[in-house]
Structure formats: C-alpha cells, structure tokens
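S.K.: What follows is a structure written as structure tokens; I'll ask about it next.
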Amino acid sequence: MSPNISTYSYQPLPTQSSGSKFPRHDKTRIYQQIFTRKGKLSMASSLSQMFAKFSVLCLVEIKFNASSKHQPDPMLVTVYAIVTSLFIAHTVTLHLALCHIDTSLDPIIASSNNSIEQFDFNQLPFHALFFSWDFAYVVGICGGYFLFSLCFILLLWIKFAQFGRTIPLWGFIFMGPVLLIVVIYAIVLYLREKRQRMRGG
C-alpha cells in the first residue's frame, strides 16, 4: 500500500545528499504527477484561450439590421460584453497559473539535470501545490465550457433575434441543458481529481 502523498507536504523528505532511502517508485510517482498536472493545466489554458478568441471575434463582428422589426435588447449586448470580459480574465488567470508552475518547477528541474534521483522533493509543498493546480484545472476546463455556452446563447439572441425568435429559442432549448451538464461535470471532475490526489495517484 503506497504512502499518502499528503505526508510529503508535512514531513521533510530525505534527500539523496543525506543518504536517503526514500523509495524510487514513490519519487517516480510524484515526478510523473507534476508533469501530468502541468499538461492538464496547459490544455485547459489553450482551450480557454481558443474560446475567448471566438467570443471576442463575435463581439467585434456583431452587426444590426436597422430595418428589422425584431431589434436585439441592448441589455443583452451589455451582458455579452461582460461575459466576454470574464472570459478574458479567465484565460489570463489560467495562463498565470501555468506560469506559476513553470517558475516553481523549472529551476528545480534544471538543477537536477532532469534526473529523478537528483530532484529535490523538499523544496516544494507538493500537497498544497497539487490542490491548487487541480482546482485551477477544473475551473479552467468547466469554466471555459460554461462561459462559452453562455456566450453562444447570448449570441443567438443578439444576432439571430433580428430574423425572428425561432432560432434563439431553439438554441436556448439546446444549450440550456448543456450548461447544466457542464455544472454537473465540474462537480464530478473535481471529486475525481480530489480522490486521485488523496490516493496519491
């Protein structure tokens, strides 16, 4: 039965210079978790960036037909601009979290010459960092999908309401459950990441 990873954040880990007998397979497991979480957060950041670009592009390209009987509500345009701003802030936050991983790990990895045996496991509180990175990953993935779905619904009501209410209504009927699914998925994903972290896997 493998030791719980949380013990590494509260008890100093012996280093190779002090003649440590710390099992190699535990070092390998933690080392792999570091790069796995870094890859997950990088994926979430790239996905959020792509969604945010789409949202900004749609905001810039919005045009209104002055002769239409169904003019969009100006309040919806305001809400769409606010959600797009939140999307940009969401993307920047994920990018900063990814930069935090790089600045925390790169010096240690460089000093260890990419060797697990020379990697200093005492320099970072991995339990706290893993929690922060997992939380950022869940918020990044699910927050990106949620904001994108919300922007899509608002865009339907702003852009296509000029041609009638049928298209926006059907779009809302379709995307409404998607928003609920994203919320449920966020809860499930967070619980799964928490369970894996507590198992040390």
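Oh and the sequence shown: position 154 is 155 in this note's numbering, straight run, nothing missing.
Built from N, CA and C at the ideal position, the CB exists for glycine as well.
From a predicted model like this one, the values you see are computed outputs, not experimental measurements.
Quick one: using the 10 Å Cβ neighbour count with 16 as the cut-off for buried, is Ser112 buried or exposed?
M.R.: For the purposes of this step, residue 112 is identified with residue 111 of the sequence shown, where counting begins at 1. Label assigned to Ser112: exposed.
S.K.: Around the C-beta of Asp135, are 16 or more other C-beta atoms found within 10 angstroms, so that it is buried, or is it exposed?
M.R.: In the sequence shown, the residue the question calls residue 135 occupies position 134. Buried.
S.K.: Mind the definition here: the region 136-154 touches the region 39-50 only if three or more C-beta pairs lie below 8 Å; say whether that holds.
M.R.: Result yes; three or more Cβ-Cβ pairs closer than 8 Å.
S.K.: Using a threshold of 7 Å, state whether the C-beta atoms of Val84 and Cys143 are closer than that.
M.R.: Your numbering for residue 84 matches position 83 in the sequence shown. Your numbering for residue 143 matches position 142 in the sequence shown. Cβ atoms of Val84 and Cys143: not closer than 7 Å.
S.K.: If Arg38 sits next to Phe131, beta carbons under 8 Å apart, how far is it from one beta carbon to the other, in whole angstroms?
M.R.: Residue 38 sits at position 37 when you count from the first residue of the sequence shown. Residue 131 sits at position 130 when you count from the first residue of the sequence shown. Rounded, the Cβ-Cβ distance is 6 Å, consistent with contact.
S.K.: Just the Cα atoms here: how many angstroms apart are Ile63 and Leu99?
M.R.: On the sequence shown, residue 63 is found 62 positions in, with the first residue counted as 1. On the sequence shown, residue 99 is found 98 positions in, with the first residue counted as 1. Cα to Cα, the separation comes out at about 32 Å.
S.K.: Closest to Phe88 by CA distance: which of Leu60, Ile102, Ile31 and Gln33 is it?
M.R.: Along the sequence shown, read from residue 1 onward, the residue named residue 88 stands at position 87. It is Leu60.
S.K.: Do Tyr138 and Lys41 have their CB atoms nearer than 7 Å?
M.R.: The residue given as residue 138 occupies position 137 in the sequence shown. The residue given as residue 41 occupies position 40 in the sequence shown. A contact, by the Cβ cut-off of 7 Å.
S.K.: Nearest-angstrom Cα distance between Ser133 and Gln163?
M.R.: Stepping through the sequence shown from its first residue, residue 133 is reached at position 132. Stepping through the sequence shown from its first residue, residue 163 is reached at position 162. So the two alpha carbons sit approximately 44 Å from each other.
S.K.: Assuming Pro169 and Phe175 are in contact, meaning their beta carbons sit under 8 Å apart, how far apart are those beta carbons, in whole angstroms?
M.R.: Here the question's residue 169 lines up with position 168 in the sequence shown. Here the question's residue 175 lines up with position 174 in the sequence shown. Contact flag wrong, Cβ pair sits at about 11 Å.
S.K.: Could you give the DSSP three-state label for Asp74: helix, strand or coil?
M.R.: Within the sequence shown, the letter at position 73 stands for residue 74. In this structure, Asp74 counts as coil in the three-state DSSP scheme.
S.K.: When we look at the beta-carbon of Ala129 and count the other beta-carbons within 10 Å, is it buried (16 or more) or exposed?
M.R.: For this step, residue 129 is matched to residue 128 along the sequence shown. Its Cβ having fewer than 16 others within 10 Å, Ala129 is exposed.
S.K.: Let me know if Ala53 comes out buried or exposed under the rule of 16 or more other beta-carbons within 10 Å of its beta-carbon.
M.R.: As a first step, residue 53 must be located in the sequence shown, where it is residue number 52. By the neighbour-count rule (16 or more Cβ atoms within 10 Å), Ala53 is buried.
S.K.: Short check: CB of Val78 to CB of Ile154, under 7 Å?
M.R.: The residue given as residue 78 occupies position 77 in the sequence shown. The residue given as residue 154 occupies position 153 in the sequence shown. No, the Cβ-Cβ distance between Val78 and Ile154 is not below 7 Å.
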